[in-house]
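If you count the sequence shown from 1, position 220 lands on 416 in this note's numbering, and the numbers rise without skipping.
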Amino acid sequence: MDNMPDHHAASTPKPHKRVWLRVLIIVVILAASFFAASYLIKTAPKAAKKAKVKKPVLVSVMPAQPQAHQVTITAAGQVVASRKVDLQAQVSGQVIRLNDNFDLGKRLAKGQELLALDPVDYEVALAEQQAALADARYALSIEEGLQEVARREWQLFEQEHSGQTNLPPALALREPHLKKAEAKVRAAEAGVDKARIDLQRTIITTPFDALVIDKAVDLGSQLSSQSTVATLVATDEFWVELSVPMQALAWIEIPDYNATQGSHVKITTAAGNRTGTILRLLADLETQGRMARLLVRISDPLDLGHPVAQRTPLLLGDYVEVTILGRTLAEATKVPRQIIHDNRHLWLAKDKKLHIRPVQIAWRDKEYFYLTSGVSAGELIVTSDLAAPVEGLPLRLDRPKAQTSGDEAGR
């Protein structure tokens, strides 16, 4: 029985064949599903795409209005003296008299006595020189008398010797003696003049209408020649020294540089406002900023032409704000600085589209640019900011208020 074949075992499939069969069935099903889905996707009806339309961007605009504009240049400056002198004594002596107004901050008129030195020594010196002059004149008179005697004797001598003599006539006529006497008179006269001038110099006066900013002496002070008495500044005008960019000079009228009369200037101080004119261009540039340096003239800086209660005097050393009223641009369009792009382009709205146009900037200040080409009168300037400005961008205009009101009035 052991040798009989096992028919049941031979007819039963092996387990691994059944697994592969199942895998094959699954793969077939998945492949069929994939191809069926692909077919459905490819053959499905497609909706027609609509063309993308750019939506117009709402912008604000302003009309270009070319007109005359006066160029103004602002700068800061410092008030300085137009004339300043350290007044010195020309002779030595003791101060015996002082002007009541000779004090710090006081004003003195031109030619007014500032102080007086003791004149006694100089009066004595003048008297001595006058006596020496009298002696010299006396000696000259004696010599002139001797001259007359010598002339007569010479005439007699010539008659007796019939002109036969080798004696020089000048010596015989005492001409050298006369010249010496005349020279002594001139020297004595010079001595008198010098003594008189020294005496006059014991009185020290102001050389111009002045303000005392320093006082170096007092009653009883002993002065030597060249001693400083006081520091004075002129009160008829002060100057303001200021710096401006080199390119601004062409717009400023400067005497002896590009004009005969200087541009008018407005000066703003803590005390009030004043006016002045450009005086001159200094020969050197500012050391740090390489800026041009100008002087502004301000007449009556102490405002003496007004009552005391209404005066707004300038103070030396004060820093002031200066506005120079320069030359005029005949035809220029004034636009805010922020609507100029890349420092040279302007956005314009034309036919409801954006146009980017280069412009020429003739002048610029802190707030505005002044354009002389690139935009015409009446053209609409875009004042809004755009995130992506491109040429031809569709625009929807928010009309300026003035123009809108006009349209409404016309309806």
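Glycine included, each C-beta is placed from N, C-alpha and C at the ideal position.
Since the model is a prediction, treat every value here as computed from it, not as a measurement.
Using only the alpha-carbon positions, how far apart do residue i and residue j sit?
i      : j      : result
Pro532 : Ala583 : 19 Å
Leu589 : Lys251 : 9 Å
Val281 : Val429 : 7 Å
Lys456 : Leu475 : The displayed chain sequence assigns Thr, not Lys, to residue 456. Rounded to the nearest angstrom, the two C-alpha atoms are 10 Å apart.
Pro497 : Gly301 : 14 Å
Ala277 : Glu433 : 8 Å
Trp543 : Arg592 : 14 Å
Leu294 : Pro372 : 51 Å
Glu575 : Thr268 : 26 Å
Ser569 : Val555 : 6 Å
Glu587 : Ser229 : 53 Å
Asp499 : Thr508 : 6 Å
Ala205 : Val219 : Reliability of the predicted coordinates at Ala205 is poor, the pLDDT of 45 falling under 50, and no value is obtained from them.
Ile448 : Leu510 : 24 Å
Ala479 : Ala488 : 9 Å
Val516 : Val275 : 7 Å
Val316 : Val291 : 12 Å
Val255 : Ser580 : 5 Å
Ala598 : Arg279 : Summary for Ala598: the model assigns pLDDT 47, below 50, so the residue's position carries little reliability, and this model does not support an answer.
Thinking C-beta only, is residue j closer than 8 Å to residue i?
i      : j      : result
Gln343 : Ala391 : no
Val425 : Val413 : yes
Val578 : Arg553 : no
Leu313 : Leu415 : no
Ala272 : Val461 : no
Thr398 : Tyr318 : yes
Arg493 : Trp435 : yes
Leu521 : Gln266 : yes
Leu567 : Ile557 : yes
Ala321 : Ala384 : no
Leu311 : Ile450 : no
Asp296 : Lys411 : no
Asp514 : Thr465 : yes
Ser439 : Glu482 : yes
Thr402 : Ala467 : no
Val381 : Ala332 : yes
Thr427 : Asp405 : no
Ala260 : Ala573 : yes
Reducing DSSP to helix, strand and coil, say where residue i ends up.
i      : result
Gly513 : coil
His203 : Because the pLDDT of His203 is 46, which lies under 50, any placement of that residue in the model is unreliable, and the question is left without a value.
Asp198 : Because Asp198 sits at a pLDDT of 46, beneath the cut-off of 50, its placement in the model cannot be relied upon, and the following sentence gives the value as read from the coordinates. In this structure, Asp198 counts as coil in the three-state DSSP scheme.
Glu449 : coil
Pro590 : strand
Val255 : strand
Arg507 : coil
Lys238 : helix
Gly574 : coil
Glu319 : helix
Val413 : coil
Pro585 : coil
His373 : helix
Lys390 : helix
Arg397 : coil
Ala467 : coil
Leu310 : strand
Gln343 : helix
Gln263 : strand
Quick one: what's residue i bridged to in DSSP?
i      : result
Thr519 : Thr270, Lys462
Val429 : Lys280, Leu407
Glu437 : Gln274, Leu491
Gln484 : For Gln484, which the question treats as bridged, DSSP gives no partner whatsoever.
Gln443 : Answer by DSSP bridge pairing: none, since Gln443 is not bridged.
Trp543 : Ile552
Tyr564 : Pro532
Ser569 : Gln556
Thr424 : Gln284
Exercise. Which ranges would you report for the beta strand (DSSP E) in the region 273-308 if only whole runs of at least 3 residues count?
Worked result: 280-284, 289-294
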